[in-house]
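Take a look at the structure set out below.
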Amino acid sequence: MNKVKELPGEAIVAAAQAPSIKNSFLAYAQRVRGGDMGALPAVLGLLVLCAVFAIARPSFLTAINFANLFTQGAAITVIAMGLVFVLLLGEIDLSAGYASGVCAAVLAVTLINTGLPWYVCMLAAILTGVVIGTVLGTLVAKVGIPSFVVTLAAFLAFQGLVLVLVREGTNISIRDDIVNAIANRNLPPWLGWALYALCVAIYAAVQLRRARSRTKRGLVADPLSLIAFRVGMLALFAGLAVAALNLERSRNPALVSLTGVPIVVPVILVLLVFWTLVLRRTGFGRHLYAVGGNTEAARRAGIPVDRIKISAFVICSSMAAVGGIVAASRASSVDPNTGGSSVLLYAVGAAVIGGTSLFGGKGRVLDAVLGGAVVAVIENGMGLMGYGASVKYLVTGSVLLLAAGVDALARKRAAAAGLR
Amino acid sequence: MNKVKELPGEAIVAAAQAPSIKNSFLAYAQRVRGGDMGALPAVLGLLVLCAVFAIARPSFLTAINFANLFTQGAAITVIAMGLVFVLLLGEIDLSAGYASGVCAAVLAVTLINTGLPWYVCMLAAILTGVVIGTVLGTLVAKVGIPSFVVTLAAFLAFQGLVLVLVREGTNISIRDDIVNAIANRNLPPWLGWALYALCVAIYAAVQLRRARSRTKRGLVADPLSLIAFRVGMLALFAGLAVAALNLERSRNPALVSLTGVPIVVPVILVLLVFWTLVLRRTGFGRHLYAVGGNTEAARRAGIPVDRIKISAFVICSSMAAVGGIVAASRASSVDPNTGGSSVLLYAVGAAVIGGTSLFGGKGRVLDAVLGGAVVAVIENGMGLMGYGASVKYLVTGSVLLLAAGVDALARKRAAAAGLR
Amino acid sequence: GDSGQTTSTSTSSATEAAKAGKVGVILPDSKSSARWETADRKYLEEAFKAAGVQYDIQNAQNDKTAFQTIADQMITNGATVLMIVNLDSGTGKTVIDKAKSQGVATIDYDRLTLGGGAAYYVSFDNTKVGTLQGEGLSKCLTDKKADKPIVAYLNGSPTDNNATLFKAGYDGVLKPKFDGGEYVKGPEQSVPEWDNTQAGTLFEQMLTEQPKIAGVLAANDGLGNAAITVLKKNKLNGKVPVTGQDATVQGLQNILSGDQCMTVYKAVKKEADAAAKLAVALAKGEKPTASSSVKDPESGQDVPAELMEPQAIYFDNVKDVVADGYVTKEELCTGDFAAKCTEAGIS
Amino acid sequence: MTPLLEVRGIDKSFGPVKVLHNVEFAAYPGEVTALVGDNGAGKSTLVKCIGGIYPIDGGQILFDGKEVHVHSPRDAGELGIEIVYQDLALCDNLDIVQNMFLGRERKHGILLDEDSMEELAEKTLSGLSVRTVKSIRQQVSSLSGGQRQTVAIAKAVLWNSKVVILDEPTAALGVAQTAQVLELVRRLADTGLAVVLISHNMNDVFAVSDRIAALYLGRMAAQVKTSDLTHAQVVELITSGRSGELGLKNGVTP
Amino acid sequence: MTPLLEVRGIDKSFGPVKVLHNVEFAAYPGEVTALVGDNGAGKSTLVKCIGGIYPIDGGQILFDGKEVHVHSPRDAGELGIEIVYQDLALCDNLDIVQNMFLGRERKHGILLDEDSMEELAEKTLSGLSVRTVKSIRQQVSSLSGGQRQTVAIAKAVLWNSKVVILDEPTAALGVAQTAQVLELVRRLADTGLAVVLISHNMNDVFAVSDRIAALYLGRMAAQVKTSDLTHAQVVELITSGRSGELGLKNGVTP
Ligand SMILES: Nc1ncnc2c1ncn2[C@@H]1O[C@H](COP(=O)(O)OP(=O)(O)OP(=O)(O)O)[C@@H](O)[C@H]1O
Ligand SMILES: Nc1ncnc2c1ncn2[C@@H]1O[C@H](COP(=O)(O)OP(=O)(O)OP(=O)(O)O)[C@@H](O)[C@H]1O
Ligand SMILES: [Mg+2]
Ligand SMILES: [Mg+2]
């Protein structure tokens, strides 16, 4: 997306003139220095955080902890992904947390009471999310009530709904093995490697095809060396991760073996790739950005603004449903607190920390994943530190501020250069 | 503020040509039909709500319930007033709830442990608010971390701080009579009437002076008849309210007498008038609107944007401190939940329901009071209905939606006329 | 206090401790009751330190996700015994299952994880707590010679299973009286998250709707205090009996001043000591035996258990709590309460 | 010749302020109609009413002789009316190509066809002699005033529409760019489109227009062939609403 | 005569894109200096650098012969530099009077003196022949393009500043209003101020300016007395950066 096209004129963009791997690096360095940093600040914040925890608690760097990280952060990350769509419009969904609770409760209740197979129950849960999103979106887009108020009302109502569904506060256990596997089981090691190979191959193929097609049209394309480099980096880091996750991490290998990539990892990856495609490569995604950036301009361009808004809420609530399913799976149960307490704030926080703007028009699904990682690492690391209740709150707040501060200071340099 | 000044030109503004009471009414009716409704939608929503509850539960209309309403809504309203300042800038303060908890805890701890007089302890609490606001504001304005993240971190840290202050979760009783009086005692009836007379007199004087000064300068001024009408309406409604609050509302008048305006009422009135003056009639207030409306334009006009932002956070946190004091007084105790759970969402909700925009640049302190009233009426009415937990959540959500829906539909008509 | 470094090693028997393994404790929250952070943590720490066992005590802050994360982290950190106060049975069971699969021994502390199959269960009988509250209220109403009194309920959090158990307890005592026409059932509300501020508004509205309320069954001292504040405002304090639980300083003071009728004292130290004893034994690789057992209603299995008896506290036996060291005289007998303390025989 | 676009007796008020009074206006295929008027006369409001941005209070809009109801910009677009608004209405968070194809993206199946859009955008822009745009993948927020205007114009002429309305399109343009746009306007009309040009520059108006319509304080003072008017007469119509026999009588439409 | 405002060797890049190359420019008291250049030449960027909106990468700004550091618009205001930006920067949520006095409100003690501000605003605006503004208590969001521009100009000339810079001030103005603004520009210079006028309209430039400075692709091609130049020469400087002896040699400043 960042390819630079020279039109007649004099000012110089170093890299675009002769795209080569060296020039591409120079251009990237220049972009970063000039302030266009993409995901860099969030990644930086994440690295600082990991370093701090690794020094404080060596067990932070063990294979088992690495695997835990993914399952711990999964639900929040998935909900945050959905929230990105609503935030892109400059709206908010306060009810996403409890919506995930409602959908989880629907899953649990249908599993227990109807005896239908797991996939039907999951579908019911997601369908519940779709209905919720449609109602919320319609109230916002058609009736014109501010989303903060609509979703605050929903936030209250869904608390009640969860209570009704779980019969006034009882706790429903989920006994379905497949549902419970999502957040508690791992892929067999060979399957992890197979998926890894597939991902790398697809990535390489897409990159190559794109470059070929652009070259054919006479547009500036990435040089082969650069593509090779990117694919190589992906292969290296993803390979390291898969290898780490395939290590034996049981504390009692004799008793039970614990290896492989947690099942949530491919789930999150698929969602990430899918929604990124939707946002970046479909007309719907483009229109979402347009409405968020300048609603009036979008309307004048003939974009059905109301429909876009409703769709965003539908996506948000359905992703909340998926998040609810993951949470239910992880807890193997649903109770009235599912999706409550800090879930919503953490999810919105994850999206914002990743770089999504609350004013709309700016954000990526990847932001939610990066921000979700920050939140998960903080929770995970703080869990290792063993502080008392009050100190833990204090330290968690400070650590969050630290991670966001690194990010903010990095971005501030960009703003100073006149790039906003 | 709505005076219309004719410049040479042809289009006609009915009222301004010959300001008289009749023309003023016509102009108001036209403004409302044209969509410029001011507080009307919120008041309308409030009336609908009251009617619904009064029909469902006759005790809703009793004197004692009327008096309860004020003390029940006071803390949220005060916190919402402060939030308006931050929202006006397009920022948010998620920590306002727990900040009020921290300040309340400071009050309780100093009262218990130091034995200092109540006013010193209150000052300490408010000073804590000022410090909190300064820190938050500086992080947002100078370091450039998004306010959502800063205040989310503060939200966490302050939870820890409250716990530390109340010694890991104990509930501290407040035994100071004056502090407890704020939210639990009433003015003697004669003082209520005296204050009433004073208010009406001041209002009349200000209106008259203003009209005289404008006439002298040759600007269009309100006609005397209109001023008389306004003052009359104020005198009538305020008089009715004072009279109602001065009714005997004890269950056992023989045993104990319970009459008079609750002390929180003048407290809220003073805060309302003071902050409205600051927003509408000082340079600071003007600059606040400017920064919220268009930060870049404000910066170019030489407004010290950072300082304005910090001030807004300071005001917000100090008002949270006042809200915390009111809450502590009402509960006669402070515990780790003070300012927690739904306080923040209700406070932001109050401001937004009243008509304050989350995008900045639009809002009044009066909004917070009206929205606070909506929230208080809902809580009060729902308390009378005696539903179980789940039904209560569901109904509360729906009622909130109803009140906001009336408002939204009224405003939508305005937008349709091309006025946004 | 100084809960900054809880992962401490005993100095006396470091080598033995290293062999002995490590105990992880997860407390549920710090807001529904002050006991977890002020009492349980303290007593458990003391017991573990005395036994020279490594330990790690954390609080899940009423967050299920955090609860599971902490459990993961404790196992990662090398805990060999896991002692949990579950937030709900589902997450509790997941944690216990995970721990068992890793060869980590488990203890249910204070709350039984239904169907969880923990090795031991140490607790107060929560239904019994409710029964004591119900009986206490009846006693106070009888003392006040109330005729067909209207009794209002301020239940605990609708999402807290313990609140359900308490309610079962006091319903067991009071329901027959309602049915028999001796008492009249008044309004009832569950207080979300045990929030005292909301409890105040809820009770104020109950009183507006039903001004003749003559007795309040409040599920703990905080809720009781919220009701008392409203009663005070209406000058009804002392005339309407209010119950409580936890024997907090605030609750005891309210009892001394006559505003509260009773509270339920749970000798946390006994509970903590019993649990710590089991945990230390497990950490050292022993297989301790429990004094009794409890039937898990869900799995039908018998869980070895240590059960403590809660105690009802009225004006006359407030001194027991002080004598136990649960509350100190300095905290309790401040200012105006000094005289009352003397009256109640606290020295 | 029937006009391609005609409005009859349009009224429009904002709250208590009446901005358009019974306005009549027509645009003919193959012709450039210049719409002139003082600041605040109501030109942009009239255009926004035609474009479906503001609902009209009264009157009719006729397209190709048949009455149509334009409730939203979408309706206008479907009729084949393309408008460059004075307040340019670009999405600052999107780049030049994305803005130019907004609402009418080219697709490969369901995925966007970025490459062909980029190619076409580049071609269109270079035809408008924009020489200083560094990259057409640049966000429009970083463009200069004139560059933004060019993007908006390029966006509007990219489509095969029947009516093109340009609200002060050359206000921010340099000498060369203005010439290009005027030439483009003429070329569009010559291919049979009805073009409406709003401008304060009399030279430009006389250079390209076939007809001139003058708005005065929300009333249509006159709509006359350009060849029948002089510079001075148009200025008089703009500033006082009448000029000799032409214009408003006693402030109302004759 | 020493220039009142002078910039020396200013460089400015946005990320990898260099927009100003070693620009020299001076404005003299009592004179109108016209700054011309093609779209995207860098005129507005230069003005924003002077106004403290963008930090400069290199070079100096001199005021009254002394080097000054302008880090924010506040600094520029304190020096006595008043600027009307091309992107008008008005607060849409405030009314006309509030915008005109923004940052410099008149006060009675600590309270605002609304009445005197209203009076003064009205006087200033009517001097700019705005006849269609319905109320000066109207929000600026409801103004027409030309009305907004007039408010921005009125705002800038309300103060006693030493340098006034106007970035395309007449772009959206009607015939009469343009004449008024040009006259105002001349009047300001005649009272001893240094006025800088950016415009694409050669007639306007020649009508009021004493000196012309031409920017070409971020480089200053020439700064010459208006009387020494012809229309054609200026257009040549704008479009190709040189004209005969004048202008850039081989694309760099001579
Ligand atoms: N949303 C609105 N609310 C109230 N008044 C408005 C609104 N929009 C425009 N007006 C008023 O309507 C009148 C006509 O505005 P319009 O924008 O149509 O003028 P114009 O002819 O395009 O002027 P210009 O040449 O300056 O662009 C102006 O007086 C303006 O103040
Ligand atoms: N924030 C920015 N980021 C990147 N490039 C920018 C930014 N602002 C301006 N530019 C580029 O700098 C160049 C000069 O812009 P500038 O606005 O100064 O032009 P100008 O001379 O004022 O043109 P116009 O006559 O169209 O107003 C343009 O090519 C523009 O694209
Ligand atoms: Mg216009
Ligand atoms: Mg410019």
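Taken in sequence, the protein lines are chains A, B, C, D and E. Numbering-wise (the working numbering), the first sequence opens with residue 186 and increments by one. Numbering-wise (the working numbering), the second sequence opens with residue 186 and increments by one. Numbering-wise (the working numbering), the third sequence opens with residue 278 and increments by one. Numbering-wise (the working numbering), the fourth sequence opens with residue 4 and increments by one. Numbering-wise (the working numbering), the fifth sequence opens with residue 4 and increments by one. Beta carbons are placed, not taken as given, at the ideal position from N, Cα and C, and that holds for glycine. Since we're looking at a predicted model, the values are computed, not measured.
Query, Result
"V302/C and Y386/C: beta carbons closer than 9 Å?", "yes"
"Unbroken alpha helix (DSSP H) runs of length 4 or more, entirely within the stretch 541-589 of chain C: which are they?", "545-560"
"Distance, Cα to Cα, D613/C vs E620/C?", "12 Å"
"Taking DSSP's pairing of strands, which residues face L348/A in a bridge?", "According to DSSP, L348/A bridges with nothing at all."
"In the stretch 466-486 of chain B, which residues sit with their C-beta less than 8 Å from some C-beta in chain E, listed in chain order?", "R466, T467, G468, R471, H472, Y474, A475, G477, G478, N479, E481, A482, A483, R484, R485, A486"
"Per DSSP, what kind of secondary structure is P32/E in: helix, strand or coil?", "coil"
"Ignore the nearest five residues each way along the sequence and tell me which others in I139/E's own chain have a CB closer than 6 Å to its CB.", "I99, V100, A124, E125"
"Between D592/A and chain B, is the shortest Cβ-Cβ distance under 9 Å, so that the two count as touching?", "yes"
"With 16 as the cutoff for other CB atoms within 10 Å, does I367/A come out buried or exposed?", "buried"
"Taking only beta-carbon atoms, is L341/A less than 9 Å away from chain B?", "yes"
"Inspect the CB distances between the stretch 314-328 of chain B and the stretch 488-498 of chain B and report whether three or more fall short of 8 Å.", "yes"
"Anyone know if the C-beta pair for L346/B and G477/B falls short of 9 Å?", "no"
"Please report the straight-line C-alpha distance between A505/B and V441/B, rounded to a whole angstrom.", "34 Å"
"Name, going along the chain, the residues of the stretch 365-398 of chain C whose beta-carbon falls closer than 9 Å to a beta-carbon of chain A.", "D365, S366, G367, T368, G369, K370, T371, D374, K375, S378, Q379, G380, V381, L391, G392"
"Please check if any C-beta of chain D sits within less than 9 Å of the C-beta of S398/A.", "yes"
"Under 8 Å from any heavy atom of ligand 1, does the C-beta of T135/E make it?", "yes"
"Could you work out which residues of chain D lie near T135/E, taking near to mean beta carbons separated by less than 8 Å?", "D41, N42, G43, A44, L220"
"What does DSSP give as the partner residues of P447/A in its beta bridges?", "N371/A"
"Quick one: what does DSSP say T357/C is sitting in, helix, strand or coil?", "coil"
"In the DSSP assignment, find the unbroken alpha helix (DSSP H) run with D420/C in it and report its ends.", "403-420"
"In the DSSP assignment, find the unbroken beta strand (DSSP E) run with D14/E in it and report its ends.", "8-17"
"Looking at chain D, is there any beta carbon in it that lies within less than 9 Å of the beta carbon of A200/A?", "Because A200/A sits at a pLDDT of 35, beneath the cut-off of 50, its placement in the model cannot be relied upon, and the point is left open."
"Please list, in chain order, the chain D residues whose beta carbon lies closer than 7 Å to that of A174/E.", "A174, A175"
"State yes or no: is the beta carbon of N187/B nearer than 9 Å to at least one beta carbon in chain E?", "Per-residue confidence for N187/B stands at a pLDDT of 39, beneath the threshold of 50, marking its modelled position as unreliable; the derived number appears in the next sentence. True, the Cβ-Cβ gap to chain E drops below 9 Å."
"Considering only residues of the same chain and omitting the five flanking positions on each side of F17/D, which have a CB-CB separation below 6 Å?", "none"
"Quick check on K228/D: buried or exposed, where buried means 16 or more other Cβ atoms within 10 Å of its Cβ?", "exposed"
"Which residues does DSSP list as the beta-bridge partners of H111/E?", "L114/E"
"What's the C-alpha gap between A439/B and G557/B?", "35 Å"
"Is there a Cβ of chain C sitting closer than 9 Å to that of G377/B, yes or no?", "no"
"Let's test the definition: count the other Cβ atoms within 10 Å of the Cβ of Y304/B and tell me whether it reaches 16, buried, or not, exposed.", "exposed"
"In its own chain, which residues sit with a C-beta less than 7 Å from the C-beta of N253/A, not counting the 5 before and 5 after it?", "N565"
"Compare the beta carbon distance of Q226/D and R214/D with 9 Å and say whether it is the shorter of the two.", "yes"
"Measure the CB-CB distance between C288/B and G267/B and report whether it falls below 9 Å.", "no"
"Does the stretch 246-262 of chain B come within contact of the stretch 463-479 of chain B, defined as at least 3 CB pairs closer than 8 Å?", "no"
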